[in-house]
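Each protein sequence line maps, in turn, to chains F and Y. For what it's worth, this note's numbering labels the leading residue of the first sequence as 395, then goes sequentially. For what it's worth, this note's numbering labels the leading residue of the second sequence as 395, then goes sequentially. Idealized CB from N, CA, C, for every residue including glycine. These figures come from a predicted structure and were not determined experimentally. All remarks here apply to the structure that follows.
Protein chains: 2
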Amino acid sequence: MTGKPRVREDLTAAAIALFLKRGYDETTVDEIAEAAGVARRTFFRYFRTKEDAVFPDHDDCLARVEAVLNVAAPGTPPLAAVGQAAHLVLAMFTDDPATAVKRYELTRGVAPLREREITATSRYQRVFTDHLHKRSRGGEQARLRDEVVAAAVVAAHNHVLRQWLREGGKDDAHARLDVALGAVTDVLSGWLDGRATGPDDPDGGDVVVVAVRRGAPMWRVVQQIEAATLP
Amino acid sequence: MTGKPRVREDLTAAAIALFLKRGYDETTVDEIAEAAGVARRTFFRYFRTKEDAVFPDHDDCLARVEAVLNVAAPGTPPLAAVGQAAHLVLAMFTDDPATAVKRYELTRGVAPLREREITATSRYQRVFTDHLHKRSRGGEQARLRDEVVAAAVVAAHNHVLRQWLREGGKDDAHARLDVALGAVTDVLSGWLDGRATGPDDPDGGDVVVVAVRRGAPMWRVVQQIEAATLP
């Protein structure tokens, strides 16, 4: 594999393949470097430890996520911007389905690797929360809402990613994420739209009459009301 | 401190105090045992590593959470049962505010300890998801919803816990959690109530007419509709 520009990706693929074949504890950095056709010192140019080699570049992705959120036009609904950011995170996996599926197989069986992934996820959630909070106008109450919304987006992302990985990395995970984020947005957007009035002015505005089918799922009702009450 | 029945708690308090005073890396198990007035071998009866000594007994708490969820009466709304479980987790901190506040100060500054806490949190979230999913009747769509709802409950719990810790562990964190869970339930209960009809039968049931103030926060609207459409 020497000479390819994707040294980092080759090292990751080699590390995951060896960990799966020989065991995580049993595999050395030298073996990974050899399998990827590079020198040991090249490995350490990309990764500090063999554990690092398993994961996609979360630092890099986190920086891109922050950049995307920072340049989001002020008119963009904060939940939409966070949704775009979630697609960026998902792309890190869907860009190389074969490696992503093997990594999933590996991390399921090795607790420290699984925990490492959980920690990485929490960093995205924190960045999402901060973006939502920067765009919201409240104090404590808004912070709770922003944390819950960020957690919901991350849960939707993880749900889609996990299903996609379990099914072998086929199909269009991004289309599925759109559907999942749509469901989450339907449920939560009311909470976010509530900003316009705020919890301290619940009686502002005039009255709209909506016919609601008894037993209809609430997300449909919310959709219906939103359509009727949009300024 | 010898002779007290709370050896575990004494060791945890001693470990946190020493880590804060001398540094995490610099403190040994022997020093912790000495500060708690017990032998080194007693330390290892309670903890495998000095890192373990920092945390409350998450294994024990997780077992209690599972027990509470398992015995929840079939008529209990799943979100209510999960809310009760969240109070159990919170109680682990509020039972000893002084230790909880010092632990928070410590974990904020030591990355491996913070990551350990994040991992513990993810285990509760998983148990909450499984409970919600056991009680729900759907496939894929229901799983997404149950994961998002569990994430929302955990986010609300963490929000309340963090605020309480930052303010020095005063006030009634459980009352605050009730308020936070109430807000989350208001927003999400429609999604959960939607189970009765299900996403494939959106047109079931008869029609209810509701007057909605334009600009009212959606959670209030949802409350209003729920009150009007309850069977």
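Residue i classed as buried or exposed, judged by whether at least 16 other C-beta atoms fall within 10 angstroms
i, result
"residue 541 (chain F)", "buried"
"residue 560 (chain Y)", "exposed"
"residue 469 (chain Y)", "exposed"
"residue 459 (chain F)", "buried"
"residue 477 (chain Y)", "buried"
"residue 438 (chain Y)", "exposed"
"residue 574 (chain F)", "buried"
"residue 510 (chain Y)", "buried"
"residue 465 (chain F)", "exposed"
"residue 408 (chain Y)", "buried"
"residue 467 (chain Y)", "exposed"
"residue 489 (chain Y)", "exposed"
"residue 545 (chain F)", "buried"
"residue 461 (chain Y)", "exposed"
"residue 531 (chain Y)", "exposed"
Supposed close pair residue i, residue j - CB separation, criterion 8 Å
i, j, result
"residue 475 (chain Y)", "residue 463 (chain Y)", "6 Å"
"residue 430 (chain Y)", "residue 404 (chain Y)", "5 Å"
"residue 472 (chain Y)", "residue 525 (chain Y)", "6 Å"
"residue 448 (chain F)", "residue 406 (chain F)", "7 Å"
"residue 539 (chain Y)", "residue 585 (chain Y)", "6 Å"
"residue 497 (chain Y)", "residue 410 (chain Y)", "5 Å"
Proximity winner among the options, relative to residue i (alpha-carbon distances)
i, options, result
"residue 507 (chain Y)", "Y:440, Y:439 and Y:446", "Y:446"
"residue 570 (chain F)", "F:470, F:452 and F:485", "F:485"
"residue 564 (chain Y)", "Y:535, Y:521, Y:493 and Y:451", "Y:493"
"residue 443 (chain Y)", "Y:424, Y:458, Y:460 and Y:454", "Y:424"
"residue 572 (chain F)", "F:518, F:479, F:437 and F:532", "F:479"
"residue 453 (chain F)", "F:497, F:549 and F:521", "F:521"
"residue 501 (chain Y)", "Y:548, Y:413 and Y:400", "Y:413"
"residue 491 (chain F)", "F:533, F:437 and F:557", "F:557"
"residue 505 (chain F)", "Y:505, Y:514 and Y:499", "Y:514"
"residue 366 (chain F)", "F:451, F:428, F:481 and F:418", "With chain F represented from 395 up to 625, any question about residue 366 (chain F) goes unanswered, as that position is not in the structure."
"residue 535 (chain Y)", "F:566, F:547 and F:553", "F:553"
"residue 567 (chain Y)", "Y:523, Y:531, Y:482 and Y:581", "Y:482"
"residue 435 (chain Y)", "Y:416, Y:401 and Y:415", "Y:401"
"residue 577 (chain Y)", "F:519, F:582, F:415 and F:576", "F:582"
"residue 549 (chain F)", "F:532, F:487 and F:518", "F:518"
"residue 543 (chain F)", "F:533, F:531 and F:527", "F:527"
"residue 579 (chain F)", "F:547, F:537 and F:555", "F:547"
"residue 555 (chain Y)", "Y:537, Y:487 and Y:512", "Y:487"
"residue 523 (chain Y)", "Y:533, Y:537 and Y:562", "Y:537"
"residue 562 (chain F)", "F:533, F:495 and F:531", "F:495"
"residue 415 (chain F)", "F:533, F:451, F:532 and F:499", "F:499"
DSSP three-state assignment for residue i, whether helix, strand or coil
i, result
"residue 477 (chain Y)", "helix"
"residue 506 (chain Y)", "helix"
"residue 530 (chain F)", "coil"
"residue 564 (chain Y)", "coil"
"residue 470 (chain Y)", "coil"
"residue 444 (chain F)", "coil"
"residue 432 (chain F)", "coil"
"residue 420 (chain Y)", "coil"
"residue 437 (chain Y)", "helix"
"residue 449 (chain F)", "coil"
"residue 651 (chain Y)", "With chain Y covering only 395 through 625, there is no way to say anything about residue 651 (chain Y)."
"residue 540 (chain F)", "helix"
"residue 454 (chain Y)", "helix"
"residue 520 (chain F)", "helix"
"residue 402 (chain F)", "helix"
"residue 489 (chain Y)", "coil"
"residue 555 (chain F)", "helix"
Test: residue i CB closer than 8 Å to a CB of chain B
i, result
"residue 585 (chain Y)", "Note that chain B does not occur in the displayed structure, where the protein chains are F and Y."
beta-carbon residue i near the ligand SAM non-hydrogen atom, thresh 7 Å
i, result
"residue 569 (chain Y)", "Absent from the structure shown: the ligand SAM. Ligands present: none."
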